[in-house]
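Chemist:
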Amino acid sequence: IWNSLVSTQPLWKTLCVFLHTFYSLGLLYYVFPIFKLHTQFVARNELEYEWKNHMYYIVREAKSGLNIPVAELSDDEHNELFDRGAFLYDCTKNPFDRGFARNCLSFWCHSRRADETGEF
Numbered sequence: 039i040w041n042s043l044v045s046t047q048p049l050w051k052t053l054c055v056f057l058h059t060f061y062s063l064g065l066l067y068y069v070f071p072i073f074k075l076h077t078q079f080v081a082r083n084e085l086e087y088e089w090k091n092h093m094y095y096i097v098r099e100a101k102s103g104l105n106i107p108v109a110e111l112s113d114d115e116h117n118e119l120f121d122r123g124a125f126l127y128d129c130t131k132n133p134f135d136r137g138f139a140r141n142c143l144s145f146w147c148h149s150r151r152a153d154e155t156g157e158f
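If you use this note's numbering, the sequence shown corresponds to residues 39 to 158, in order.
(1) Measure the C-alpha to C-alpha separation of PHE138 and PRO48 and round it to an integer number of angstroms.
(2) Is it the case that the Cβ atoms of LEU53 and ILE96 are separated by a distance below 8 Å?
(3) Taking buried to mean at least 16 other C-beta atoms within 10 Å of its own C-beta, is ARG140 buried or exposed?
(4) What does a CB cutoff of less than 7 Å around GLU86 pick up in its chain, not counting 5 residues either side in sequence?
(5) Kindly indicate the opening and closing residues of the beta strand (DSSP E) around PHE56.
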C-alpha cells in the first residue's frame, strides 16, 4: 500500500499530504486540551469562571476526613491538595447540572431566540 501511494502520486502531492498530516497532528496536540475542557463545561453545564474558582468541587482527603468544599480550605491545604489532584467535581453543588445527556442535548439541540438569556 505504501509503495502504491507514493509511486502513483507526484512527489509534491505526497509531500503536501505528509506536511498537512504532521501540521494537523501538531495542531491537535495544542487544541485537544482546550477541546476537552470545553466538552467538560458543556457536559457539566459549568462556566469557566465556576471551574476556575472550584465552585462545585470538593476534597475527600482533607485533614478533617470530611468532604469539604474547596473554597473552605486554607491556602496551604488548597495548594497541597491541588498539586495532588485531589479536587473532585460534585454535581449536587451545581444547580444547573442535569446530567451528561440532558446537558449536552439542551446545549447542542435547543433552539435559541434573540430574547433568551441562555438559561435553559
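Backbone N, C-alpha and C fix where the C-beta goes; we use that ideal spot for every residue, glycine too.
Modeler: The answer reads as follows:
(1) Here residue 138 is taken as the residue at index 100 of the sequence shown, counted from 1. Here residue 48 is taken as the residue at index 10 of the sequence shown, counted from 1. Each residue's Cα considered, the two are about 48 Å apart.
(2) Indexing the sequence shown from 1 puts residue 53 at position 15. Indexing the sequence shown from 1 puts residue 96 at position 58. Not closer than 8 Å, so no.
(3) Here the question's residue 140 lines up with position 102 in the sequence shown. Exposed, since its Cβ has fewer than 16 Cβ neighbours within 10 Å.
(4) Here residue 86 is taken as the residue at index 48 of the sequence shown, counted from 1. Around GLU86: PHE79.
(5) The residue given as residue 56 occupies position 18 in the sequence shown. Looking at the DSSP string, PHE56 is not in any beta strand (DSSP E); the run it does join, the alpha helix (DSSP H), is 49-82.
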